[in-house]
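Enquirer: Numbering (our numbering), first residue to last: 12 to 176.
First the structure, then my questions, so here it is.
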């Protein structure tokens, strides 16, 4: 099984991706930003919403040495993809956590698990993500994810939750 198939399987197994006909829009109905600056602003708005009004530390650190990559991430991944219609923030975060956990991307999984908690996902739901990825990704990836998740839970309890710093 390829990593792409594993990732897709983890996301598909973890959440039943559905689009509500009442809220779904086609790409033609959705207005895309016209300029890179608008896309960057849209991405910045997403970060502030997910991270309780605080800039995202990892992205800002990347911007110091790799400004093109940071801007591309902010404009495309956050400005274009994250703002697409059809999924709410909660569902997007569950999908991201599952995908990153299945890939063994602990740092990105931790960031998105923090966002998930910020938008109302519970610790128990995140634990279920870890249990689910044992099926498509295996126990080693799930164990790594559980260690990272436990660290995140402990950090948030110690600091009272909140934004990624």
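Each residue gets a CB set at the ideal place from its N, CA and C atoms; glycine is no exception.
None of these values were measured; they are calculated from a predicted model.
Hey, how far is the Cα of residue 61 from the Cα of residue 129?
Expert: One C-alpha to the other measures close to 7 Å.
Enquirer: Give the range of the alpha helix (DSSP H) segment to which residue 178 is assigned.
Expert: The shown model of the chain, from 12 to 176, leaves out residue 178, and the question about it has no answer.
Enquirer: Would you list, in sequence order, the uninterrupted beta strand (DSSP E) runs of no fewer than 3 residues that lie entirely inside the region 50 to 99?
Expert: none
Enquirer: Would you kindly report the start and end of the unbroken alpha helix (DSSP H) that includes residue 46?
Expert: Residue 46 -> no alpha helix (DSSP H), and no H or E assigned at all.
Enquirer: Under 8 Å between the Cβ atoms of residue 141 and residue 114?
Expert: Not a contact, by the Cβ cut-off of 8 Å.
Enquirer: By the 10 Å Cβ neighbour count, where 16 or more other Cβ atoms means buried, how is residue 146 classified, buried or exposed?
Expert: exposed
Enquirer: Suppose you measure from the CA of residue 88 to the CA of residue 47; what does that come to, to the nearest Å?
Expert: 13 Å
Enquirer: Are there 16 or more other CB atoms within 10 angstroms of the CB of residue 171, so buried, or fewer, so exposed?
Expert: exposed
Enquirer: So is residue 57 buried or exposed if we call it buried at 16+ other beta carbons inside 10 Å?
Expert: buried
Enquirer: Please classify residue 169 as buried or exposed, where buried requires at least 16 neighbouring CB atoms within 10 angstroms.
Expert: Around the beta carbon of residue 169, fewer than 16 other beta carbons lie within 10 angstroms, which makes this residue exposed.
Enquirer: By how many angstroms is the C-alpha of residue 131 removed from the C-alpha of residue 164?
Expert: Going by the C-alpha atoms only, they are around 14 Å apart.
Enquirer: Note the first and the last residue of the continuous alpha helix (DSSP H) segment covering residue 145.
Expert: Following the DSSP letters along the chain, one finds residue 145 in no alpha helix (DSSP H), marked with neither H nor E.
Enquirer: Taking the C-alpha atoms as reference points, what is the distance between residue 73 and residue 59?
Expert: 17 Å
Enquirer: Helix or strand or just coil, what does DSSP make of residue 191?
Expert: Given a span of 12 to 176 for the chain in the structure shown, any question on residue 191 remains unanswerable.
Enquirer: Whether or not the region 95 to 114 and the region 148 to 158 are in contact is what I'm after, with contact meaning three or more pairs of Cβ atoms, one per stretch, closer than 8 Å; do they touch?
Expert: Per the Cβ contact rule, the region 148 to 158 is in contact with the region 95 to 114 (3 or more Cβ pairs under 8 Å).
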